[in-house]
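The next block holds one structure in the form of structure tokens; read it before the comments.
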Amino acid sequence: MRYTIPEFILPATDIIVFDIDGVINKNLAAKVASSAYVSRVLSNVPGFKRVAIEALQLWELLLGIRYDIHEFDVLVSKVRGYGISHVGIVTERSLLGVRTIFRDKDYILQRMNFVQMRKGFFSKKQERIRGVDIWETESMKPHESVLYRLTDFAKGKGIKPGRVLIIEDDPGFRFTARSLGFRTYPDETEAIPSRKTDMPARHPQIALT
1 MRYTIPEFIL PATDIIVFDI DGVINKNLAA KVASSAYVSR VLSNVPGFKR
51 VAIEALQLWE LLLGIRYDIH EFDVLVSKVR GYGISHVGIV TERSLLGVRT
101 IFRDKDYILQ RMNFVQMRKG FFSKKQERIR GVDIWETESM KPHESVLYRL
151 TDFAKGKGIK PGRVLIIEDD PGFRFTARSL GFRTYPDETE AIPSRKTDMP
201 ARHPQIALT
């Protein structure tokens with residue numbers, strides 16, 4: 001799946017946050033979670049969702065699955081070029097899952113201001129990413145508590161929620177984020193014309209894979 005970010009929304013952004021499963025790759029779990037119905041069901045059984053993600057991570061590790069993250073690397077450079085001072089990741093992966101995606105390209109992670117991840121079954125306190133704030137949480141999307149650390153981070157920087165942009169594939173979590181005042185992309189409500197003759201305005205786009 002390929003997204004494009006309208007460039008006009010970036011100057012109004014001080015913090016940009018990526019859901020790496022929805023942005024970097026479209027594995028089976030990410031495709032399933034992008035369904036509004038599935039997202040709603042999984043929100044009621046967080047324990048099952050946590051086990052499923054752990055199993056996915058182990059499967060990726062055992063099979064040596066590799067992801068192409070070049071486009072993400074380029075994208076981070078582009079958004080930094082717009083003067084966005086804080087770039088981070090919010091994911092339901094544990095540190096094991098995050099490292100599986102980036103593997104020998106940890107330098108991309110080191111360009112993040114923060115990485116929020118799920119506390120894994122086998123997490124070790126000494127495992128860290130150099131120069132990056134690591135936030136671990138027991139919460140699962142789309143529960144709003146997943147965003148509490150981001151809310152505190154923005155408040156501590158004097159940044160209003162409306163200047164935080166979350167790139168997220170899960171429609172349930174986008175709804176949660178918007179209810180807390182954050183902006184989200186994609187935002188399907190912006191793409192629906194009011195009449196058949198009304199066409200959305202075209203703006204320069206940044207490719208997002």
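So the sequence shown is numbered by the numbering used here: it starts at 1 and just counts up by one.
Heads up, the beta-carbon is just placed ideally off N, CA and C, and yes, glycines get one too.
Remember, it's a predicted structure, so these values are computed and weren't measured experimentally.
Looking at the strands, I want to know which residues DSSP matches up with residue i.
| i | result |
| --- | --- |
| Ile166 | Val17 and Thr184 |
Looking at residue i: is its Cβ nearer than 8 Å to the Cβ of residue j?
| i | j | result |
| --- | --- | --- |
| Leu61 | Thr13 | no |
| Arg93 | Gln57 | yes |
| Glu138 | Leu180 | no |
| Ala154 | Ile166 | no |
| Val76 | Leu10 | no |
| Thr91 | Met117 | yes |
| Gln110 | Arg130 | yes |
| Lys141 | Phe173 | yes |
| Val17 | Ile89 | yes |
Using a Cβ-Cβ cut-off of 8 Å (strictly less than) and excluding sequence neighbours within five positions of residue i, which residues of its own chain qualify?
| i | result |
| --- | --- |
| Ile192 | Note that Ile192 scores 33 on pLDDT, short of 50, meaning its location in the model is unreliable and no value can be drawn from it. |
| Val223 | The displayed coordinates of the chain run from 1 to 209. Any statement about residue 223 would go beyond what the structure contains. |
| Ile20 | Phe72, Ile89, Thr91, Arg93, Val98 and Ile101 |
| Ile84 | Leu10, Thr13, Asp14, Ile15 and Ile16 |
Taking 7 Å as the limit between beta carbons, can you name the residues of its chain near residue i, skipping five residues before and five after?
| i | result |
| --- | --- |
| Ile225 | This structure cannot speak to residue 225, because the chain is shown only from 1 to 209. |
| Glu168 | Asp19, Gly22, Arg174, Ala177 and Thr184 |
Output needed for residue i: all residues of its chain with C-beta closer than 6 Å, excluding positions within five of it in sequence on either side, in chain order.
| i | result |
| --- | --- |
| Val45 | none |
| His86 | Ile15 and Asn113 |
Stretch pair the stretch 176-186 + the stretch 48-65: three plus CB contacts closer than 8 Å: They do not touch, by the three-pair rule.
Within the stretch 86-144, ranges of the alpha helix (DSSP H) (whole runs, at least 4 residues): When DSSP assignments are scanned along the stretch 86-144, the uninterrupted stretches of alpha helix (DSSP H) that are 4 or more residues long and fall wholly within it turn out to be 95-102 and 106-109.
Completely contained beta strand (DSSP E) runs for the stretch 57-89, where each covers 3 or more residues: Residue ranges of uninterrupted beta strand (DSSP E) with 3 or more members are absent from the stretch 57-89; none lies entirely inside it.
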